[in-house]
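Colleague: Chains as they are written, first to last, in my numbering: chain L, 9 to 294; chain U, 60 to 306.
Don't be surprised by glycine CBs; every beta carbon is placed ideally from N, CA and C.
Bear in mind the structure is a predicted one, so any value in this text is a computation, not a measurement.
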Ligand SMILES: Nc1ncnc2c1ncn2[C@@H]1O[C@H](COP(=O)(O)OP(=O)(O)O)[C@@H](O)[C@H]1O
Ligand SMILES: [Mg+2]
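1. DSSP state of residue 151 of chain U, grouped into three classes?
2. Return the chain-ordered ranges of every alpha helix (DSSP H) run that is complete within the segment 169-233 of chain L and spans a minimum of 4 residues.
3. So, with DSSP's three-state summary, where would you put residue 76 of chain L?
4. Does residue 209 of chain U pass the burial test, meaning 16 or more other C-beta atoms within 10 Å, or should it be called exposed?
5. Give me the Cβ distance between residue 253 of chain L and residue 285 of chain L, rounded to the nearest whole Å; I'm assuming they're in contact under 8 Å.
6. Can you pull the chain L residues whose beta carbon is under 9 Å from the beta carbon of residue 63 of chain U, in chain order?
7. Return the CA-CA distance between residue 31 of chain L and residue 172 of chain L, expressed in angstroms with no decimal places.
8. Residue 145 of chain U: beta carbon under 6 Å from a heavy atom of ligand 2?
9. Under 9 Å Cβ-Cβ, which residues of chain U neighbour residue 167 of chain L?
10. Quick check on residue 178 of chain L - is its C-beta less than 7 Å from some C-beta in chain U?
11. Quick one: is residue 186 of chain L near chain U, going by C-beta distance under 7 Å?
12. Could you tell me which residues DSSP puts in a beta bridge with residue 267 of chain U?
13. Thinking just about the alpha-carbon of each residue, which of U:128, U:96 and U:154 is nearest to the one in residue 70 of chain U?
14. Within 7 Å (strictly less), CB to CB, does residue 142 of chain U reach chain L?
15. Buried or exposed, going by whether 16 or more other CB atoms sit within 10 Å of the CB of residue 193 of chain U?
16. Compare the C-beta of residue 34 of chain L against all C-beta atoms of chain U and say whether one is closer than 7 Å.
17. Tell me whether residue 80 of chain U, by its Cβ, gets closer than 6 Å to a heavy atom of ligand 1.
18. Do three or more CB pairs link the segment 139-155 of chain L to the segment 14-28 of chain L at distances below 8 Å?
19. Quick one: residues in its chain with C-beta nearer than 8 Å to the C-beta of residue 166 of chain U, no 5 flanking neighbours on either side, listed in chain order?
20. Verify the contact flag: residue 108 of chain U, CB atom, against every heavy atom of ligand 1, threshold strictly below 6 Å.
21. What residue range is occupied by the uninterrupted alpha helix (DSSP H) comprising residue 255 of chain L?
22. What is the DSSP secondary structure of residue 169 of chain U, counted as helix, strand or coil?
23. By DSSP's criteria, residue 272 of chain U is part of a beta bridge. Which residues make up the other side?
24. Between residue 101 of chain U and ligand 1, is there a pair consisting of the residue's CB and a ligand heavy atom that are separated by less than 6 Å?
25. Does ligand 1 have even one heavy atom less than 6 Å from the beta-carbon of residue 104 of chain U?
26. Would the beta-carbon of residue 114 of chain U fall within 7 Å of that of residue 107 of chain U?
27. Residues of chain L with a CB under 7 Å from the CB of residue 132 of chain U: which are they?
28. Let me make sure I understand the geometry here. Which of L:145, L:175, L:218 and L:193 has the alpha-carbon closest to that of residue 45 of chain L?
29. Using a threshold of 6 Å, is the CB atom of residue 142 of chain U nearer than that to any non-hydrogen atom of ligand 3?
30. Under 9 Å between beta-carbons, which chain U residues line up against residue 171 of chain L? List them in chain order, please.
31. Are the C-beta atoms of residue 287 of chain U and some chain L residue less than 7 Å apart?
32. Just the chain L side, please: which residues come within less than 9 Å of residue 238 of chain U by C-beta, in chain order?
33. So residue 139 of chain U and residue 218 of chain U are supposed to be a Cβ contact under 8 Å. How far apart are they, rounded?
34. Which of helix, strand or coil does DSSP assign to residue 250 of chain U?
35. Can a CB atom of chain U be found closer than 7 Å to the CB of residue 174 of chain L?
36. Might you give, ordered along the chain, the residues of its own chain that have their beta carbon closer than 6 Å to the beta carbon of residue 197 of chain L, omitting 5 neighbours on each side?
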């Protein structure tokens, strides 16, 4: 039971980074970006290229790809979403579905459907308080916690983060308060790109690299972000924990095949009973 | 007296058709110009167009000899034009202090780079705010929100301040406070372009009164002349022109 809960916690926590990205992108751009799954896949394969094909250490490969991927997302935004920005969130959402499809198939085209893995040595699992834990799980917990704290620091203590919250709150007012929103939008994509790249690596370490690796987490990512309250980094983290633990514990009573249904039920319940999520601010349409 | 802001033949609108159909208004440096007129006559649309949120389809906006037409809203702020919208004029999910800070943080290329957002001068004008710095701006009362929005617009040291119905929906106490503050700010050299429904109170602190109706300027007159008009309310009924000629 304790071990199951712990495993759930880690499977859940692994979606913290993409959930943070979703929350940030939704806050600033006001559309659900369904391409985040494939974006993680693509980033994971880029890390694979550096780590396995060029033989760079995983940490360095991840750092390089994270920064480059931030830049890449700015470029992708420029050609896909930016021209559609005035058309409203439905158009942007549909565009993100299309983009996700394209990105996933770019990965498939380059690396095929065979599962691959990063070049890391195996480490023996260790025990802590009667719980068996492996190194990948440790890394996931530490990195996710740090990312959540870093996001919180960014959004509350740094001018660029405050400006993101301002644009999320009221874009027109942000403009007349002197905030160049195109610049803030670029920063948002850059940070989301870093989160998604690292998130992709965590998933690749936990399972294996295959083209659908990122999109298979999409429902859990959105469940976590919506449960936590879109726009709240702490919410994304707690939401990820709750989704993971609940889905894992649910397998004790329902067949594991239906696991995917749990986050969907959570999304439905939240949208019915508390649409702003646990930590979100109610969103008032202007 | 030089004119700090000149609006020439301005046309603007949202969809098809213009809401503003050729507006000419001049704001002399150091003065207060108040725009009154019936609801829907385009007053807010005019201020939005001046702030850059709406495209000027024809005509020009000149601030200190510089055309603002092709400048983005943030650049207009940097040029010295600050604006308090009629509604949604604070960031509700940010604290009061964050609201005040953010207005200046992105002004790096302007002269007031140094110093803090919250000068002694600002606290003197808005004594209620420091006690509320940590509060979420969305939790403030209507009057406090209006004061905060006003204060935010001043943190960038504008040369021209535009206020859209600053006293709307406020209690009489706050209304008096707001107009007093406008007067003090103006006394410090800031030129003011204000839209108001509470015409009498607003015109008492104004130099010039502009009456708008249906996207046109119907009348431009000295504020105290308008105050002396027998039936101020007829100005709102759209036959202001005839009225003015008659008086
Ligand atoms: N965002 C908008 N989209 C379309 N039409 C608008 C919008 N805002 C205002 N209008 C229209 O423009 C006209 C002028 O409105 P407004 O400038 O707000 O008037 P005022 O401030 O003088 O009351 C009105 O007919 C109003 O319906
Ligand atoms: Mg108005």
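Modeller: According to the structure shown:
1. coil
2. 179-184 and 189-214
3. helix
4. buried
5. 17 Å between Cβ atoms; not a contact.
6. Result: empty, since nearest Cβ-Cβ is about 19 Å, beyond 9 Å.
7. 12 Å
8. yes
9. 160, 161, 164 and 165
10. yes
11. yes
12. U:92 and U:281
13. U:128
14. yes
15. exposed
16. no
17. no
18. yes
19. 136, 137, 172 and 215
20. no
21. 241-258
22. Low confidence applies to residue 169 of chain U: its pLDDT is 49, below 50, so where it sits in the model is not reliable enough to give any reading.
23. U:275
24. yes
25. yes
26. no
27. 183 and 184
28. L:218
29. Although ligand 3 was asked about, the structure shown includes only ligand 1 and ligand 2 as ligands.
30. 161, 164 and 165
31. no
32. Per Cβ cutoff of 9 Å: no residues; residue 238 of chain U is ~22 Å from chain L at best.
33. 4 Å
34. strand
35. yes
36. 81, 82 and 85
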